[in-house]
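Be aware that the sequence shown starts at 216, since it is given in my numbering, and climbs by one per residue.
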Amino acid sequence: MYLLCKTFIAFLCLFFSIPSVAGAPQEITAFGSNPGQLRMWIYIPDGLRDPAPLVVVLHGCAQTAAPFAEASGWIQYAEQQGVALLLPEQQAANNPGLCFNWFEPDDTQRDTGEALSIRQMIDRVQADYAIDRKIYGVGLSAGGAMMAALLASYPDLFAGGAIIAGIPYGCAKDLKSGLRCMKTGRDLKPKQWAQLVQRAHRKQASAVRCKSLVSIWQGDADPIVNPNNAQELLEQWTAVAGIDAHPDKQEIQQGYQRQVYQDAQGENWVETYTLSGVGHGAPIALPDDAGKSCGHPTDFVLPVGICAPDAIGRFFGLSRTP
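The following block contains the structure:
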């Protein structure tokens with residue numbers, strides 16, 4: 216009887232160690248060595264697909280993980296589409312402004328600092344749930360710049376990433392140069408930008424076996440991140456994909472312009488959204504005539520008439536419904 220009781224208790228411990236988080240994000244505290252000293256949150260909807268896509272959602276400065284995911288519409292998208300969300304969170308001890316340290320090489324290269332912490336978080340989610348091997352991500356501002364770093368450092372892991380009001384990978388090497396990148400941008404040739412990406416994973420031969428879909432979003436009235444950065448991001452990621460920076464498709468709607476960049480076979484690799492008259496923030500849509508909405512406005516989450524999660528999900532092929 217003692218052995219049976221002990222076995223049952225062990226089973227309960229194992230069972231309850233796998234988080235069940237439908238309804239609210241939950242913090243996970245054990246996920247590896249965590250060299251970047253980040254916090255880990257996850258959101259798992261009731262209708263999780265099997266296998267489920269995983270989207271890594273990276274907040275901007277002065278934000279925290281769960282409120283940003285909710286306000287920007289990603290929790291709603293996860294519920295509708297059955298995808299899992301990983302929500303890394305910065306701590307004030309690392310950065311007083313709660314910005315991911317996208318400008319620090321020790322935090323953005325493969326298997327170092329914050330980049331490795333996020334990789335370890337992904338490993339934990341994959342261990343606990345039936346997750347598709349293709350991982351996707353999205354980030355705003357400092358989170359967007361960190362998303363570019365993850366795409367550069369882990370091209371074998373990330374199948375796609377969305378960079379909203381972000382900075383090209385390798386633009387900065389410290390805080391001073393990071394501020395300069397934000398204020399004025401940095402003008403390099405596409406080949407030079409691509410070389411910075413290639414150096415990020417040069418020690419890992421298997422990392423170069425695949426390239427990622429990249430979605431670039433930028434408000435043309437952004438007072439915090441110079442809109443020139445969107446053009447440099449475009450040049451960086453089209454060069455990485457081995458395609459030119461001339462759009463193959465264009466869509467103009469009230470308030471924004473979308474351009475798509477394809478390879479010779481007509482396959483999409485990069486898209487850009489230029490948001491007219493829009494400042495610094497993640498784009499959401501307020502309720503339309505049919506009552507549909509996307510997130511809710513708050514600091515750096517802007518109601519501009521387009522739901523970024525829906526658009527990004529379609530580009531990545533994650534959406535199971537229109």
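Even glycine gets a Cβ: it sits at the ideal position worked out from N, Cα and C.
Neighbourhood of residue i by C-beta distance below 6 Å, restricted to the same chain and skipping five residues each side
i: ASP347; result: PRO266, PRO268
i: ALA377; result: VAL353, SER430, ILE527
i: THR327; result: ASP321
i: ILE333; result: PRO303
i: PHE246; result: MET255, GLN335, MET336, ARG339
i: LYS349; result: ALA374
Simplified DSSP state of residue i, which is helix, strand or coil
i: SER430; result: strand
i: PRO311; result: coil
i: ASP525; result: helix
i: PRO518; result: strand
i: ARG348; result: strand
i: PRO282; result: helix
i: ASN249; result: coil
i: PRO240; result: coil
i: ASN441; result: coil
i: GLY359; result: helix
i: TRP157; result: Nothing about residue 157 can be read from this structure; the chain reaches only from 216 to 537.
Range of the contiguous beta strand (DSSP E) that encloses residue i
i: ASN373; result: Correcting the residue type first, residue 373 is Phe in the shown sequence and not Asn. Start and end: 373 to 379.
i: ALA497; result: 497 to 499
i: GLN477; result: 471 to 477
i: PRO462; result: That residue, PRO462, is in no beta strand (DSSP E); it is neither H nor E in DSSP.
i: PRO268; result: 267 to 273
For residue i, the first and last residue of its enclosing alpha helix (DSSP H)
i: GLY393; result: 390 to 399
i: TYR408; result: Checking the sequence shown, residue 408 turns out to be Trp, not Tyr. That run of the alpha helix (DSSP H) goes 405 to 415.
i: GLU329; result: 328 to 343
Residues that DSSP places opposite residue i in a beta bridge
i: THR489; result: GLN433, GLN472
i: CYS386; result: Bridge partners of CYS386: none, in fact.
i: THR513; result: VAL516
i: VAL455; result: VAL455 is not bridged to any residue.
i: VAL298; result: VAL298 is not bridged to any residue.
i: PRO303; result: MET255
Same chain, Cβ closer than 8 Å to residue i, neighbours up to 5 away in sequence not counted
i: ILE199; result: In this structure the chain extends from 216 to 537, so residue 199 is not present and cannot be described.
i: SER287; result: VAL272, LEU355, ALA497, ILE499, GLY510, VAL516, ALA523, PRO524
i: GLN465; result: GLN472, ARG473, GLN474, VAL475
i: ASP306; result: The displayed chain sequence assigns Gln, not Asp, to residue 306. Once the five neighbours on either side are set aside, the close Cβ partners of GLN306 are GLN252, LEU253, ARG254, LEU313.
Chain-order list of residues whose beta-carbon lies under 7 Å from that of residue i (same chain, five-residue window excluded)
i: SER491; result: ASP435, GLY470, TYR471
i: SER427; result: LEU366, PRO370, PHE373, ALA374, GLY375, GLY376
i: ASP437; result: ALA380, GLY494, HIS495
i: GLN291; result: CYS509, GLY510
Residue-chain proximity (residue i, chain C), Cβ-Cβ < 9 Å
i: TRP289; result: No chain C is part of this structure, which consists of one protein chain only.
Counting Cβ pairs closer than 8 Å, one from the segment 397 to 411 and one from the segment 428 to 447, do we hit at least three?
-> yes
Would you check if there are 3 or more beta carbon pairs closer than 8 Å linking the segment 246 to 258 to the segment 293 to 306?
-> Segments in contact, yes.
Inter-stretch contact at 8 Å, needing at least 3 Cβ pairs: the segment 454 to 462 / the segment 387 to 395 | No contact exists between the segment 454 to 462 and the segment 387 to 395.
Below 8 Å, can you find three or more Cβ-Cβ pairs linking the segment 352 to 370 to the segment 381 to 388?
-> Put simply, the segment 352 to 370 touches the segment 381 to 388. At least three CB pairs are less than 8 Å apart.
Using 8 Å as the Cβ pair cut-off and three pairs as the minimum, do the segment 408 to 418 and the segment 509 to 528 touch?
-> no
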